[in-house]
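**Q** Below: one structure in structure tokens.
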Amino acid sequence: TTAVAAALAPGLVAQATLGACALMFGFNRFWLIARINAARDAGQQQRFDRLHRLSVGLNLVQLLALVVVLVLGLP
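Residue numbering for the sequence shown follows this note's numbering, beginning at 51 and increasing consecutively.
Here is the structure:
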């Protein structure tokens, strides 16, 4: 959905921001979550914690970026 929004956004800044959010989502969903689950299943608590914090951080960055785009109406 975010990739479609990026393609349809009226301005370059909004397109770039939304595109970056779409890429972060894809990275998180298709690469990072698999490794988080594997670390949990293998009992690697330290690796799990580190990867989970990275996932949460990426989600927070996406949330903030999307709020900025919506509130400021970036061009």
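Virtual Cβ for every residue (Gly too), placed ideally from N, Cα, C.
Taking the beta carbon of A56 as the centre, do at least 16 other beta carbons fall within 10 Å, making it buried, or is it exposed?
**A** The residue is buried, with at least 16 neighbouring Cβ atoms inside 10 Å.
**Q** Relative to the C-alpha of I86, which residue among Q96, M74, H102, R79 is closest?
**A** For I86, the nearest C-alpha among the options comes from H102.
**Q** What first and last residue would you give for the alpha helix (DSSP H) that runs through R97?
**A** That run of the alpha helix (DSSP H) goes 95 to 122.
**Q** Between the alpha carbons of L73 and L110, how many angstroms are there, rounded?
**A** If I take the Cα positions, the gap works out to 14 Å.
**Q** Would T51 and C71 qualify as a contact pair, given that the criterion is a beta-carbon distance under 7 Å?
**A** No, these two residues do not count as a Cβ contact at 7 Å.
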